[in-house]
Amino acid sequence: MGVEAAVVDVCVLYAVYAILALSMELEYGELGLPNFAKAAFFALGAFSAGALSARLGVILLGMDWEGAFRERSWFYATVVTREVARTPLLGAVILAVVIAVA
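The opening position of the sequence shown corresponds to residue 106 in the numbering used here, with each subsequent residue numbered one higher.
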């Protein structure tokens with residue numbers, strides 16, 4: 106896949122989210138009609154992106170899971186955040202993979 110195709114894919118993804126955000130603003134902001142399905146869709150997407158990025162960062166850093174990720178997720182998220190601060194390319198890779206999976 107070339108650079109142009111990757112840019113088009115990202116632009117299409119952002120356009121879909123922009124359309125959803127505008128439709129939510131129109132429905133609830135202008136008309137006063139709450140639509141909780143779209144809010145749940147956004148919440149599910151945000152949760153999935155956050156969970157995937159932390160786990161993907163742990164995998165890319167080559168860390169051991171040590172059994173229960175759920176109990177030590179704060180530790181892994183802190184380590185991944187520090188490594189992304191030191192190596193911005195790692196953050197770009199995590200972002201690209203999360204967008205590709207989405």
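The beta-carbon is built from N, C-alpha and C at its ideal position, and this holds for glycine as well. Because the structure is a prediction, the values reported are computed rather than measured.
query, result
"Within 10 angstroms of the Cβ of S158, are there 16 or more other Cβ atoms? Answer buried if so, exposed if not.", "buried"
"Between G137, L125, G155 and A110, which lies nearest to T186 when the distance is taken from Cα to Cα?", "G155"
"Are the beta-carbon atoms of L165 and V206 separated by less than 8 Å?", "no"
"Thinking C-alpha only, which one of P139, D169, A190 and F147 is nearest V121?", "F147"
"In this structure, does DSSP put E176 in helix, strand or coil?", "coil"
"By DSSP, does L131 sit in helix, in strand, or in coil?", "helix"
"Looking at the structure shown, is L138 part of a helix, part of a strand, or coil, going by DSSP?", "coil"
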